[in-house]
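Going down the list, the protein sequences come from chains A and B.
Residues 43 to 303 in the working numbering are what the first sequence spells out, letter by letter.
Residues 43 to 303 in the working numbering are what the second sequence spells out, letter by letter.
Don't be surprised by glycine CBs; every beta carbon is placed ideally from N, CA and C.
Quick notes on the structure that follows.
There are 2 protein chains.
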Amino acid sequence: MRWIRYEADGGAAYGIVEGDDVAEVRGDPFAGYERTGAKRPFASVRLLVPVEPRTFYAAGLNYPEHAVAAANSRGEIPKLPKTANIGYRAVNALIADGETIVIPSDATERVQYEGEIVAVVGRPMKRVAEADVLSHLLGYTIGNDVSERTWQGEDTTLWRAKNTDTFAPMGPWIETDLDLDAAETIVRVNGAEKIRFPTNSMIFKIPHYLSRMSQYMTLHPGDVVWMGTEGKTENLKHGDTVEVEITGIGVLKNPVVREGA
Amino acid sequence: MRWIRYEADGGAAYGIVEGDDVAEVRGDPFAGYERTGAKRPFASVRLLVPVEPRTFYAAGLNYPEHAVAAANSRGEIPKLPKTANIGYRAVNALIADGETIVIPSDATERVQYEGEIVAVVGRPMKRVAEADVLSHLLGYTIGNDVSERTWQGEDTTLWRAKNTDTFAPMGPWIETDLDLDAAETIVRVNGAEKIRFPTNSMIFKIPHYLSRMSQYMTLHPGDVVWMGTEGKTENLKHGDTVEVEITGIGVLKNPVVREGA
């Protein structure tokens, strides 16, 4: 099932994608819903971020080649993380599929994509065993963890490197049925494929990460956990269009502009 | 004016503290409100966290003596921060005035208080000049940034050190009228004063911090920014009661238990 969140009557509504249509519902997939019986064409709706998380979690280095590439770019010896330590992002940075990534005028050229799978929590999780994690998820969506690498190196936190407004495209929808082991993540810039990797080739997989988080923290319905990216990443520039596809979910596509360009 | 958020009819309502009473309102202080004319005794309400932030921001080292004490405890040479780099916390950790701080059974003895003033955003802020920051706030509340120092040193992020459930007491209310320069922050454990410092003796003051954040990020109504603490901090143990007072705001008081103790 594919859940979208879309603009309706000036507010936000959830709907279920069925072919070229959206089945309308009352309620939402977290607190409960019922179908109204009405449909509208998918092409007629304006997509919103598929969920506004209560807390926006993000894993850091969680794929082997990206961990090596990140260390190399800093002139450091690559060292894989030994434990799963979750981080945080700011909700202000989220934008929906199709919305524009805006690079601030004082950013360097080193603004880069990071294609990521996003786990969307469906039911409260506290001290949940690894084997029970996936059944607590509503499903999965796609994130592009846009990063200004100079700020990432200079600042003591990731505040503007990864949380500048528009630096967190997420969508297009939440897919509830996904074969994680079969999924591939693909990043394209202006249609050219930049990287392709098995989505589930994480250092710490979703059941381990979220189970560990839940030992200390309650994960709430609607919380999202971005799971990290793989490989070396490249710069985005004014006029580019960046796509993150995860097979079995869909494509998250956003244009890029630079302020003042 | 003092805004409380309290449990009403199974949900949450805002009210205005007036002497021993709470004036009921329809709406809230962010989107707009009107008084209903009804009152109820303050003593009869159960306080909730005064706001559930869209994003929960927290400054790191932002007072000179705390920065020195933190460096000393790690055997490092003290170095004051040169720029204001905001960090993030998780909403799951928030508890209200009077609720219990629960130390997990696998935490060490080094679980410590940090008394902080909290700026509560009232109006959207993007690229707001320092001189205009305070007029964009709804007001101020009090936070206790409970920290497990061993985890803080070992983990690559602050995820469980500062975001374990119940590790972020916030309240008791939002005070809209405060003379920041006159305010003192006082921490007491079991009634004994542990530290007292001028609340506004920050390295980077609220106008500077929030103006800088707003150059890159939109601060939304209801977002909170915890401004850091001063001095050396001490351990909390099972059976303690910890109070953070900020003169002109009030007292945030929470009991402490250790799981399994």
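Which class does residue i belong to by DSSP, given the choice of helix, strand or coil?
i	result
Q194 of chain A	helix
N296 of chain A	strand
P83 of chain B	strand
M255 of chain B	helix
S189 of chain A	strand
E172 of chain A	helix
V64 of chain B	strand
L103 of chain A	coil
I143 of chain A	strand
P249 of chain B	helix
A112 of chain B	helix
R210 of chain A	As written in the sequence, residue 210 of chain A is Ala, which differs from the Arg given in the question. If DSSP states are grouped into helix, strand and coil, A210 of chain A belongs with the strands.
R131 of chain B	strand
K124 of chain B	coil
L220 of chain A	coil
A50 of chain A	strand
Considering only the beta carbon of each residue, do residue i and residue j sit closer than 8 Å?
i	j	result
I137 of chain B	L220 of chain B	no
I288 of chain A	I159 of chain A	yes
I216 of chain B	G270 of chain B	no
V162 of chain B	L252 of chain B	no
D139 of chain A	P214 of chain A	yes
T227 of chain B	V286 of chain B	yes
A173 of chain B	S189 of chain B	no
S243 of chain A	Y105 of chain A	yes
A85 of chain B	D187 of chain B	no
M43 of chain A	T183 of chain A	no
Quick one: Cα of residue i to Cα of residue j, how far?
i	j	result
N296 of chain A	Q154 of chain B	44 Å
I58 of chain B	T283 of chain B	27 Å
R268 of chain A	G185 of chain A	The sequence given here places Trp at residue 268 of chain A; Arg does not occur at that position. W268 of chain A and G185 of chain A: Cα-Cα distance of roughly 7 Å.
H178 of chain A	L122 of chain B	43 Å
V229 of chain A	L278 of chain A	12 Å
P146 of chain A	Y258 of chain B	8 Å
P211 of chain A	G157 of chain A	10 Å
M255 of chain B	A80 of chain A	43 Å
S115 of chain A	R47 of chain B	48 Å
K247 of chain B	K168 of chain B	18 Å
R131 of chain A	L103 of chain A	15 Å
R191 of chain B	A50 of chain B	37 Å
R77 of chain B	L89 of chain B	19 Å
P1 of chain B	I128 of chain B	The displayed coordinates of chain B run from 43 to 303. Any statement about residue 1 of chain B would go beyond what the structure contains.
N134 of chain B	V91 of chain B	11 Å
I245 of chain A	D70 of chain A	33 Å
A54 of chain A	F72 of chain A	14 Å
G281 of chain B	P120 of chain A	45 Å
V87 of chain B	Y56 of chain B	11 Å
A234 of chain A	L294 of chain A	15 Å
V231 of chain B	P240 of chain B	19 Å
A126 of chain A	D223 of chain B	42 Å
A225 of chain B	R238 of chain B	10 Å
Compare the C-beta of residue i with all C-beta atoms of chain A and state if any pair is closer than 8 Å.
i	result
Y48 of chain B	no
R131 of chain B	yes
H108 of chain B	no
Y258 of chain B	yes
R202 of chain B	yes
P146 of chain B	yes
P211 of chain B	no
P123 of chain B	yes
N134 of chain B	yes
N205 of chain B	yes
T192 of chain B	no
R165 of chain B	no
R96 of chain B	yes
Counting only beta-carbon separations shorter than 8 Å, does residue i have a partner in chain B?
i	result
H250 of chain A	no
I128 of chain A	yes
H178 of chain A	no
T227 of chain A	no
H262 of chain A	yes
D197 of chain A	yes
P71 of chain A	no
N296 of chain A	no
R238 of chain A	no
Closest Cβ-Cβ distance between residue i and chain D: below 8 Å?
i	result
G102 of chain B	Structure shown: chain D not included; protein chains present are A and B.
Legend entry - the region 90-98 of chain B touching the region 264-273 of chain B, judged by at least three CB pairs closer than 8 Å: yes
Inset, instruction - Count the C-beta pairs between the region 268-287 of chain B and the region 107-114 of chain B that are closer than 8 Å, then say yes if the count reaches three, no if not. - result: yes
Inset, instruction - Decide yes or no for the touch test of the region 196-208 of chain B against the region 59-68 of chain B: beta carbon pairs closer than 8 Å, at least 3 of them. - result: no
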